[in-house]
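Converting from the sequence shown to our numbering requires adding 74 to each position, the first position being numbered 1.
First the structure, in the form of structure tokens, and then the observations on it.
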Amino acid sequence: MHFVVAGAAGFVGSHLCERLLADGHTVLGVDNFITGAERNLAHLRGNVRFSFQEHDVCRPLTVDEPVDVVLNLASPASPKDYFEYPLETLDVGSNGTRNLLELARAHGARSLLASTSECYGDPDVHPQREDYWGNVNPVGPRSCYDEAKRFAEAVTMAYHRKYGMTTQIARIFNTYGPRMKLDDGRVVPNLIGQALKGQPLTVYGDGSQTRSFCYVSDLVDGLIRLSLSGEPYPVNLGNPHEMTVLEFAEAVRAATGSQSAVEFKPLPTDDPRRRRPDITKAQRLLGWSPAVPFAEGLERTIAHIRGQHAVGV
Ligand code: NAD
Ligand code: UDP
75 MHFVVAGAAG FVGSHLCERL LADGHTVLGV DNFITGAERN LAHLRGNVRF SFQEHDVCRP
135 LTVDEPVDVV LNLASPASPK DYFEYPLETL DVGSNGTRNL LELARAHGAR SLLASTSECY
195 GDPDVHPQRE DYWGNVNPVG PRSCYDEAKR FAEAVTMAYH RKYGMTTQIA RIFNTYGPRM
255 KLDDGRVVPN LIGQALKGQP LTVYGDGSQT RSFCYVSDLV DGLIRLSLSG EPYPVNLGNP
315 HEMTVLEFAE AVRAATGSQS AVEFKPLPTD DPRRRRPDIT KAQRLLGWSP AVPFAEGLER
375 TIAHIRGQHA VGV
């Protein structure tokens, strides 16, 4: 099949391209490098089934080759990135999503939106099911991302309803693995980087807030399965293995053999208190469950970051 991957040069997008090519598909990657990096795609450049367009999807795009599936991952994703690019984040969630839906419509293609567990905000339902409408602060610092994704979901549903398009919405929970940006401020690269450098591990608040971390190859598998499904309503993709941030810091310390102490820092505004996906729907509809145990995913991620440090990235 012919896939277009918007946001191809990012963390998840680059793994997605790699897996699609390994499965024998043709991939056109699109990215404007606002938060992605050329080096994430360097190893794919020699593949004859891979091509790339540097393009900001906030501007309309046309593709001359056939397109069967459009996968929309284009958006700043880490809090640090969307705090730096709030307007670009709102723009890509709205105009960018619409342009990619138009691309899919022009080709009679399927279209999947990479949405987020942030649609649930600071949730008062736990674990989060897809039918929970969320608790989002529409004017807080995270709103540029949360509301962009909520709009993106709404515009996707409007295209589905108005034009009968085959669309999907993945609500992605915290994902980790090799090729996360070392300086994107997320807890996984921050704490691993600090542990490897012998620096204090920065834990925000008292560290009792929870997250559930999904290894990137599991997420990619779920995204592909969902993109080929007929389910238009949101589907959670994440690993239900929940832990506190403090437990995560301890796991990093143990896995790296680091002696670093924990340093407590202020909790950012509107930081969600807890997050765990209910994945019953993905299990039932897609036959999908995460397969990579946390300890193994953490080892692989640490090995990658160690390698990056060794070459001075
Ligand atoms: P990332 O920042 O590594 O990748 C996003 C990519 O999109 C980057 O390469 C960036 O340059 C590109 N991009 C942004 N705006 C663009 C535009 N206007 N035109 C073209 N390209 C553009 O982030 P990621 O972690 O790989 O996330 C990928 C997607 O998954 C995002 O949509 C994100 O919201 C979603 N998501 C990720 C997570 C996670 O834990 N990583 C969780 C929930 C949702
Ligand atoms: N966090 C932390 N130390 C850090 C970075 C993040 O304690 O150096 C916390 C953050 O406050 C949040 C959790 O870790 O509670 C996950 O943050 P991240 O930015 O990775 O993703 P989020 O789930 O907030 O989008």
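From the three backbone atoms N, C-alpha and C, an ideal C-beta is built for every residue, glycine too.
Boundaries of the alpha helix (DSSP H) around Ser-88: 85–96. When distances are taken from the beta-carbon of Pro-150 to the heavy atoms of ligand 1, the shortest one is below 7 Å. Within the same chain, Val-277 come within 6 Å of Phe-338 by CB-CB distance, once the 5 residues on both sides are set aside. For Thr-109 against Phe-77, the beta-carbon gap comes to about 21 Å, at or over 8 Å, which does not count as contact. For Phe-225, the enclosing alpha helix (DSSP H) stretches over residues 217–237.
Looking at the DSSP output, Arg-245 sits in a beta bridge with Ser-189, Asn-310. Leu-164 sits buried, since 16 or more C-beta atoms from the chains shown fall within 10 Å of its C-beta. By DSSP's assignment, Arg-184 forms a beta bridge with Val-143. Distances from the CA of Glu-305 to each of Phe-322, Ala-148, His-234 were compared; the closest alpha carbon is that of His-234.
With a threshold of 16 other beta carbon atoms within 10 Å, Asp-138 falls short and is exposed.
In the structure shown, Asp-105 falls within a strand segment according to DSSP collapsed to helix, strand and coil.
Following the DSSP letters along the chain, one finds Tyr-278 inside the beta strand (DSSP E) bounded by residues 275–278. Put simply, of Ala-356, Val-319, His-378 the residue whose alpha carbon is nearest the alpha carbon of Leu-302 is Ala-356.
According to the DSSP assignment, Gln-382 belongs to the alpha helix (DSSP H) that extends over 368–384. For the pair Cys-193 and Arg-245, the CB atoms are nearer than the 8 Å cut-off. According to DSSP, Gln-127 shares a beta bridge with Val-104. Its Cα nearest to that of Arg-172, the residue Met-231 stands out among Arg-203, Met-231, Gly-195, Val-122.
Judged by pairs of C-beta atoms under 8 Å, the segment 347–356 does not touch the segment 329–337, as fewer than three such pairs exist. Taking each of Asn-106, Trp-362, Ser-185 in turn and checking the Cα distance to Leu-145, the smallest one comes out for Ser-185. Thr-249 counts as buried, since no fewer than 16 other beta carbons sit within 10 angstroms of its beta carbon. Per the Cβ contact rule, the segment 197–211 is not in contact with the segment 259–277 (fewer than 3 Cβ pairs under 8 Å).
In the structure shown, Gly-195 adopts extended strand secondary structure according to DSSP, grouped into three states. Looking at the DSSP output, His-76 sits in a beta bridge with Thr-100. Excluding its 5 nearest sequence neighbours in each direction, Arg-299 has C-beta neighbours in its own chain below 7 Å: Leu-360, Trp-362, listed in chain order. The C-beta distance from Ser-149 to Gly-195 rounds to 17 Å, too long to meet the 8 Å contact threshold. For Ser-286, the enclosing beta strand (DSSP E) stretches over residues 284–286.
Burial check for Leu-187: the Cβ neighbour count within 10 Å reaches 16 or more, so the residue is buried.
Under DSSP, Tyr-289 takes part in a beta bridge, and its partners are Tyr-250. Assignment of Val-210 by DSSP, reduced to helix, strand and coil, places it in the coil class. For Thr-163, there is no enclosing beta strand (DSSP E); the enclosing alpha helix (DSSP H) has its first and last residue at 160–165.
By the criterion of at least three beta-carbon pairs nearer than 8 Å, the segment 167–181 is not in contact with the segment 308–325. Straight through space, the alpha carbons of Thr-241 and Ala-180 are spaced by roughly 14 Å.
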